[in-house]
Every structure is written in C-alpha cells, then in structure tokens.
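*Asks:*
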Amino acid sequence: VCKSCALRRFSIQPAQQKKIPKRYLGQPSPFTHPHLLKPGEVTPGLSQVEYALRRHKLMALIQKEAHGWDGMDHTVILLSNPTYYMSNDIPYIFHQDNNFLYLCGFQEPDSILVLQSIPGKALPSHKAILFVPRRDPSRELWDGPRSGTDGAIALTGVDEAYTIEEFQHLVTKLKGESNIIWYDLTKPAHTVLHSDYMQPLAELKARNKNHIQSIRHLVQNLRLIKSPAEIERMKIAARVTAEAFIETMFASKAPVDEAFLYAKFEFECRARGADILAYPPVVAGGNRSNTLHYVKNNQLIKDGEMVLLDGGCESSCYVSDITRTWPINGRFTRPQAELYQAVLDIQKSCLSLCSPGVSLENIYSLMLSLIGQKLKDLGVLKSSITESHFFKAVRKYCPHHVGHYLGMDVHDTPDISRSIPLQPGMVITIEPGIYIPEDDVSAPERFRGIGVRIEDDVVITEDAPLILSTDCPKEIYDIEQICGRSS
1 VCKSCALRRF SIQPAQQKKI PKRYLGQPSP FTHPHLLKPG EVTPGLSQVE
51 YALRRHKLMA LIQKEAHGWD GMDHTVILLS NPTYYMSNDI PYIFHQDNNF
101 LYLCGFQEPD SILVLQSIPG KALPSHKAIL FVPRRDPSRE LWDGPRSGTD
151 GAIALTGVDE AYTIEEFQHL VTKLKGESNI IWYDLTKPAH TVLHSDYMQP
201 LAELKARNKN HIQSIRHLVQ NLRLIKSPAE IERMKIAARV TAEAFIETMF
251 ASKAPVDEAF LYAKFEFECR ARGADILAYP PVVAGGNRSN TLHYVKNNQL
301 IKDGEMVLLD GGCESSCYVS DITRTWPING RFTRPQAELY QAVLDIQKSC
351 LSLCSPGVSL ENIYSLMLSL IGQKLKDLGV LKSSITESHF FKAVRKYCPH
401 HVGHYLGMDV HDTPDISRSI PLQPGMVITI EPGIYIPEDD VSAPERFRGI
451 GVRIEDDVVI TEDAPLILST DCPKEIYDIE QICGRSS
C-alpha cells in the first residue's frame, strides 16, 4: 500500500504543503540541495508523508494505551539536542536527538516538537507543532542560517511553528488543563529546555496520578520496524562502508600505523557521501584486537599481525556497523586462518537463523554452543570440559552478545529486549568473535595474541535474510586477493 493511500485510509493529511523559502535554511532543502533531496523530502529519501505517517502511528499507539483516560486530551513533547562543546567556544558537530529526528526530520538544536490531540476528535487525529530558534541575523552571521518558523513548516510539513520562546505559552496552558503529557522524563535530551519548561510542568502533572507518561518506549517500538525507505538508506550506508573496507584492506601494507588505517577508512566513507562515521572505529592490530572497545588507534601494526577494524558510517540519518579482520601483509598464517575460518563458519550458521520468530537471544545461545565446539576442535578448550564449566569458558573467549538492533543509532532501540521474536523489517547485526590474549597460557601458543570478529548488518524478511553488508569481503581467498592486488 502506498504511503499516501495509507494516510487517506487513516483519515489524516499532511499539512498543506508550503513553498520552501528560496534561501538557505538550517539544514539542506530541495531548493538549496537538489542533488541531495527531491521535492517533498525532509531528509534524503524520506518524504513529508513518511514523517507524517510516523507521527500518526505514534498517536495510534497512544490511543491503544489510553484506555482508562477516555475524554482526556493528550500532548506529546519531544526535545531536540542542544549544541555540545568540546572546549570553550569549540562545538562538537551537531547531532540531533534521534527520537525527535525520527518524528519530524528537523535538524536544528534548541527545538521542541509537540503533537496534540484535537478536542472533539478521536485519536490518532492530532496536530504537529514545532518550536524553533528565532531567526537572528547576528547569530546567523556566526553560526549559519536558521530555518525560522516559515522554513520549519515548509520543510517538515508540520501544521504550525512558533519560536522557542513561545513554548512558555503552551506550558502555561497545559498547566491549567486536565490532560495527559507524554514525555521522556528520565532522560531529557536537552537539560536546559527541560529545566526551563518541562520540569515545572512535570512536577505539577506528577501530583495527578498517571498524568505524565513516558513516550520513549512507544517511539522505540516504531523505530524497531524499518520502512522500505529506511532500508534503502541503510543499504546506502552499508554499501559505502563495504567499499571503504575494501580500499582500507588494499592500503594496509605491512608495517602500517593504526592511525593511517583509521584515516583511510574515514576518508573513503566521506568521499562516498557519508555524513560522519557512526562511531569511533576500532582499528586494533595484533593483540590489541582482544580489547573489545580499543579506540586509541595509535600503534604500529607489524608484519605478520592481523588488524580488526570495527567501523561504520552515518548516511542520511541511518548507520552501518561492520567488522572485518585481516592480515596486514595480505596472507593469513595457518593459526590465523584456522581461528578466522572458525569464526566465519560460526557467523554463517548464525546468519542462517535470522528469520521471523527467532530472537537475538536464540541466536546468541547457538553462537555460544558453536564457539565452544570450535574451541574444542582447535584445542583451546579440553574435550573433557564439564557442562557446568563449558559456557563460562566460552564467555571468556567471547564476552559479548551475538548482535544488536541497528537503525538511526548503532545500538538502536536499546530498551527493546533481545528476547522478542524477530519480525520482517527489523535490522540487526550478527557479530561472533573469538579473542585469545597473548598472556593466556591455557591456550595453545600458536593462537595467543589473535582476536577475530566478523560482523554483518542484516534485514529480517519473510524469506532469507537480506545481508546489507554483503559487498564487504570476508572469505579468506577474497581478502587475500584484495590485499594482494597491485595499485
């Protein structure tokens, strides 16, 4: 069913489309960035209709949860992120709060999204309102253009927009009314907006039982299942990352500095259109690959060592998360190949389980059993190990889970249990690993100092899983061919 048909069926319409102002806004628009956005798109590949449908689905979830509050009005409030600073006057690159971004696509700091039920109309009917930074020529001279209220409406398709200062009028109104506020009280995205506006409102509403409810879990439930448009964005992020891996493999001649591979990987991602890296990558040579979150990336990788690179990019609000391990000189030694092939076999078995009805916990249990059997085969674990000690020993050599949900965040929808059955449209990672530190005297000497992880990004479908990162080489032969190709 097309999105516009779905909207008609639900008896809602996006706000009457306003013409995009012919000036720079606080983010790319179809007028200023036609190479990135088509007419009607808020962010690349995602239209005003898609964002309106998300808001509609959220209000429909609230309708289901609102059984005991018949006749009550409902107001959803989400805060944007602020600008964060690494030191005096030096800002970090701005990154929007992803729950806020998911529902409107607006990418400026110091903003608020409000979804209000309409008196006299049943949910999920609502109006969407943005409160945004006021246009200010003196600030825009330094920080760049702002969208303003007219730009916010035209770009995002919300019903109304006001300056952030005007939010106080809504707060005063909400204080005097009997209504349910849906707001993330435990982890407010913007501490100043929270303390200035939301904390006094929340304290008042908290005196009335159930008059303030968490919105966090409802938004995460929506984000868990990706739309076709979202999956297309994730395909792009994974393809860009796979190509960056190939070029980084090719560039990794022994000896090489981890910092060089870090720079090469980031360059190749950015050169292909990625906005930023999704997270600080792990570029771990030799024994450092046994430190799971090693991000110093400042050591020399020697001839004969392997490198574990765990990296991903963010492209148009969606991320990738891929890990590959390869020999820096392009040739696996026999112990490296044995351990690597063991992890690859385990990963393929785990990938085959990625189907509706199976949970990440189910796949994790399989991974632990398979790792244990492989470690026995390799002589790392004794074949006589008792069942009571088996899984404890396995977790020593793989102390992390088999995977996580993936989407706008690397560790997406963190409040969603990994025990729930997978459904079509979910995106997960599958990332088994075996890590044998060089000081592990209980392991065969030939394996000491080797850590291997192989990670792919997977879309759950009705049929076979769709491997988003399929273009990223992981077979021993393919890796050796790439590392050995001439420039």
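In UniProt numbering, the protein residues as written are 1 to 487.
Just so it is clear, CB atoms sit at the ideal spot from N, CA and C, and this is done for glycine as well.
Computed from a prediction, not measured in an experiment: that's the story for all the values here.
Taking 9 Å as the cut-off, decide whether the C-beta atoms of residue 132 and residue 83 are in contact.
*Replies:* Contact flag unset, no.
*Asks:* In chain order, what residues of the same chain lie with their CB nearer than 6 Å to the CB of residue 32, ignoring the 5 residues before and after it?
*Replies:* 24
*Asks:* Could you check if residue 86 is buried or exposed, using at least 16 other CB atoms within 10 Å of its CB as the buried criterion?
*Replies:* exposed
*Asks:* For the beta strand (DSSP E) that residue 331 lies in, which residues bound it at each end?
*Replies:* Where residue 331 is concerned, there is no enclosing beta strand (DSSP E), given that its DSSP letter is neither H nor E.
*Asks:* Looking only at C-alpha atoms, which of 434, 408, 330 and 312 sits nearest to residue 301?
*Replies:* 330
*Asks:* If I measure Cβ to Cβ from residue 61 and keep anything under 6 Å in the same chain, skipping five residues before and after, which residues do I get?
*Replies:* By the criterion of a C-beta distance shorter than 6 Å, residue 61 is surrounded in its chain by 218, once the five residues flanking it on both sides are discounted.
*Asks:* Does DSSP put residue 388 in a helix, in a strand, or in coil?
*Replies:* helix
*Asks:* Taking a contact to mean a Cβ-Cβ separation below 9 Å, would you say residue 438 touches residue 297 in this structure?
*Replies:* no
*Asks:* If you count every other CB in all the chains shown that lies within 10 Å of the CB of residue 182, and 16 or more means buried, which is it?
*Replies:* buried
*Asks:* I'd like the list of long-range same chain contacts for residue 393, defined as Cβ closer than 8 Å, with 5 residues on each side in sequence excluded.
*Replies:* 372, 375, 381 and 385
*Asks:* Could you give the first and the last residue of the continuous alpha helix (DSSP H) run that contains residue 142?
*Replies:* 137-143
*Asks:* May I ask which residues mark the beginning and end of the alpha helix (DSSP H) holding residue 100?
*Replies:* 98-104
*Asks:* For residue 9, collect the residues of the same chain with a Cβ closer than 6 Å to its Cβ; drop the 5 residues on either side in sequence, then sort them by chain order.
*Replies:* In this prediction, residue 9 has a pLDDT of 36, which is less than 50 and means its spatial position is unreliable; what the coordinates show is noted afterwards. Counting only Cβ-Cβ distances below 6 Å, and skipping sequence neighbours, we find nothing.
*Asks:* Who are the near neighbours of residue 421 in its chain, counting only those whose CB is closer than 8 Å to its CB and skipping five residues on each side?
*Replies:* Counting only Cβ-Cβ distances below 8 Å, and skipping sequence neighbours, we find 356, 357, 358 and 359.
*Asks:* Taking the straight line between their C-alpha atoms, what separation do you get for residue 3 and residue 338?
*Replies:* Interpretation of residue 3 is limited by its pLDDT of 43, a score under 50 that renders its predicted location unreliable; no figure is taken from the coordinates.
*Asks:* Note down the Cα distance separating residue 245 from residue 271, rounded to an integer number of angstroms.
*Replies:* 13 Å
*Asks:* Could you tell me which uninterrupted beta strand (DSSP E) segments, each at least 3 residues in length, are contained entirely in the UniProt domain "Aminopeptidase P N-terminal" (46-191), listed from first to last along the chain?
*Replies:* Unbroken beta strand (DSSP E) runs of no fewer than 3 residues, entirely contained in the UniProt domain "Aminopeptidase P N-terminal" (46-191), are found at 73-79, 85-87, 112-117, 126-132, 160-163 and 179-182, following chain order.
*Asks:* Relative to the alpha-carbon of residue 215, which residue among 187, 231 and 240 has its alpha-carbon at the smallest distance?
*Replies:* The residue with the shortest Cα to Cα distance from residue 215 is 187.
*Asks:* Using DSSP with H/G/I as helix, E/B as strand and the rest coil, what is residue 317?
*Replies:* coil
*Asks:* Need the endpoints of the alpha helix (DSSP H) that residue 367 sits in, please.
*Replies:* In the DSSP assignment, residue 367 falls within the unbroken alpha helix (DSSP H) covering 360-377.
*Asks:* Taking the C-alpha atoms as reference points, what is the distance between residue 363 and residue 453?
*Replies:* 16 Å
*Asks:* Return the first residue and the last residue of the beta strand (DSSP E) that residue 468 is part of.
*Replies:* Premise fails: residue 468 is in no beta strand (DSSP E) and is neither H nor E.
*Asks:* Report the three-state DSSP secondary structure of residue 443 (helix, strand or coil).
*Replies:* Residue 443 falls in the coil class under three-state DSSP.
*Asks:* For residue 306, does the three-state DSSP call read helix, strand or coil?
*Replies:* strand
*Asks:* So residue 174 packs on residue 193, CB below 8 Å; how close in whole Å?
*Replies:* That belief does not hold up - the Cβ atoms of residue 174 and residue 193 are roughly 15 Å apart, past 8 Å.
*Asks:* Buried or exposed: where does residue 14 fall if 16 or more other Cβ atoms within 10 Å of its Cβ makes it buried?
*Replies:* Because residue 14 carries a pLDDT of 48, less than 50, the predicted location of this residue cannot be relied on, and the following value inherits that uncertainty. By the 10 Å Cβ count, residue 14 comes out buried.
*Asks:* Tell me whether the beta-carbon of residue 43 lies closer than 9 Å to the beta-carbon of residue 105.
*Replies:* yes
*Asks:* Name the two residues that bound the continuous alpha helix (DSSP H) containing residue 239.
*Replies:* 228-251
*Asks:* Considering only residues of the same chain and omitting the five flanking positions on each side of residue 415, which have a CB-CB separation below 7 Å?
*Replies:* 216, 217 and 220
*Asks:* Please state the DSSP three-state secondary structure of residue 418.
*Replies:* coil
*Asks:* Touching or not, the region 113-121 and the region 230-238, by the rule of three or more beta carbon pairs under 8 Å?
*Replies:* no
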